[in-house]
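See below for the structure under consideration.
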Amino acid sequence: MPSGISPTSFPSASPAAPKPTGFGGGVDRAVERGQGIGVRSARPVSSTGFRMRPFEPRGVRQRKYVELIASKPLTFGLGAAGTGKTYLAVAMAVRMLREGRVKKLILCRPAVEAGEKLGFLPGTYEAKINPYLRPLYDALFDLVEPAQIRKFSENDVIEVAPLAYMRGRTLADSFIILDEAQNTT
229 MPSGISPTSF PSASPAAPKP TGFGGGVDRA VERGQGIGVR SARPVSSTGF
279 RMRPFEPRGV RQRKYVELIA SKPLTFGLGA AGTGKTYLAV AMAVRMLREG
329 RVKKLILCRP AVEAGEKLGF LPGTYEAKIN PYLRPLYDAL FDLVEPAQIR
379 KFSENDVIEV APLAYMRGRT LADSFIILDE AQNTT
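Every letter in the sequence shown is one number past the one before it in our numbering, and letter 18, counting from 1, is 246.
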């Protein structure tokens, strides 16, 4: 199935009762909740003016997913492997940074697969977590020039971090992607 991300909306008045938007359901769906979730909206800032590779959703479901990311403070994307969930989320994060809608990108995912321990892997901490964060880096480097990513990383504009380091953080004016959230037990 091409573009296997299908959105389903949850109205803010009754988040427990989903209302499909007509794009299908089942396992391949993206859900979003609109208001009342405690997420601050980003204040507009001036555009950073960096170059970004253009991207286009490849179908109706991907287009709806991108529209939901652009218009709602919290969006969940669920779907089969290879449907573009991570790539489109990173692309929208980069676009919103470029447009000045957010000041910072925080890309995170669990640093271990279910049941594994990081401590037994050889090497530095960075060497241990890099394989788990690779899909986020791949999307970033496909969209933005490496020199610009390094500059943003050095200035803490783009941060790629394991989920374990996110507790207690202040995340105002940030676009946050939690990838592979099913592994966050």
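Here a beta-carbon is modelled for each residue, glycine too, at the ideal position from N, C-alpha and C. As the structure is a prediction and not an experimental result, all values here were calculated from the model.
Annotation: the continuous beta strand (DSSP E) that includes Thr303 extends over Leu302 to Gly305.
In chain order, Thr314 place their CB closer than 6 Å to the CB of Pro363, counting only its own chain and leaving out the 5 sequence neighbours on each side. Around the Cβ of Phe380, a 10 Å sphere holds 16 or more other Cβ atoms; the residue is buried. Under the three-state reduction of DSSP output, Met280 falls in the strand class. A distance below 6 Å between beta-carbons, with the five flanking residues on each side excluded, links Phe403 to the following residues of its chain, in chain order: Ala321, Met324, Val330 and Leu333. In this structure, Pro390 is the residue among Pro390, Thr398, Leu399 and Pro285 with its C-alpha nearest to the C-alpha of Pro338. When Leu316, Met394 and Asp407 are compared, the shortest CA-CA separation from Leu371 is found for Leu316. For Val322, the enclosing alpha helix (DSSP H) covers residues Lys313 to Arg326.
For Ala389, the secondary structure class from DSSP, reduced to helix, strand or coil, is strand.
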